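Per my numbering, the sequence shown runs over residues 7 to 166. Note sheet for the following structure.
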Amino acid sequence: MKGGAPQLDLRDAAEELAIAVVASSWHDEIMDGLLDGARRALADGGVATVEVIRVPGTFELPVAASRLAGSGRFDAVVALGVVIRGGTPHFDYVCQAATAGLTDVAVRTGVPVGFGVLTCDDEAQARDRAGLPGSAEDKGHEAAQAALATALTLSRAAPR
């Protein structure tokens, strides 16, 4: 267990589920790491249907997640993005909008949303969380696992 995170064993548990991954386009290297981690987690879980959608930035994640979650085609959505602090309040506004928006999507639609949005002070912190070679954490993997585990729990407890 790393940093208190639960150990989730989802191997071959979710072959019937369809998962959408919506990812921002800023910070290519970091986003590639997050996407790779998410894809790996979903493959490890046996998910056969994975659709990846790219949006311009983190601010656009909630509207895309809302459309995907509301389509009835997906059992969960994984949202991936990165916001790096700058010298203006822009960081705070984008982080707040993404967090509130993605929370609203999950609660309103009943479709789990894995939160893989990095909110970092600098690029070094983001790289260290992106699942890249030498990274301490793999937040894309963690977000996909969380979405998958929640979708499985809900499918057992309250099937659609």
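We put the beta carbon where it would ideally sit given N, CA and C, even for glycine. Given the structure is predicted, the values throughout are model-derived calculations rather than measurements.
- Ser77: not part of any alpha helix (DSSP H); DSSP gives it neither H nor E.
- Counting along the chain, Val53 sits inside no beta strand (DSSP E), nor does DSSP assign it H or E at all.
- Annotation for Arg79: Ala24 place their beta carbon closer than 7 angstroms to its own, counting only its chain and skipping 5 residues before and after.
- If you compare the alpha carbons of Thr115, Lys145, Leu158 with that of Val123, the shortest gap goes to Lys145.
- For Thr125, same chain residues with a beta-carbon under 7 angstroms away, outside a window of 5 residues either side, are Val89, Cys101 in chain order.
- In the DSSP assignment, Ala24 falls within the beta strand (DSSP E) that extends over 24 to 30.
- Ranked by Cα distance from Ala152, the options Ala20, Pro118, Val53 are led by Pro118.
- A contact between stretches requires three or more CB pairs, one per stretch, nearer than 8 angstroms, and the region 34 to 46 fails this requirement with the region 65 to 72.
- When secondary structure is reduced to three states using DSSP, Gly146 falls in the helix class.
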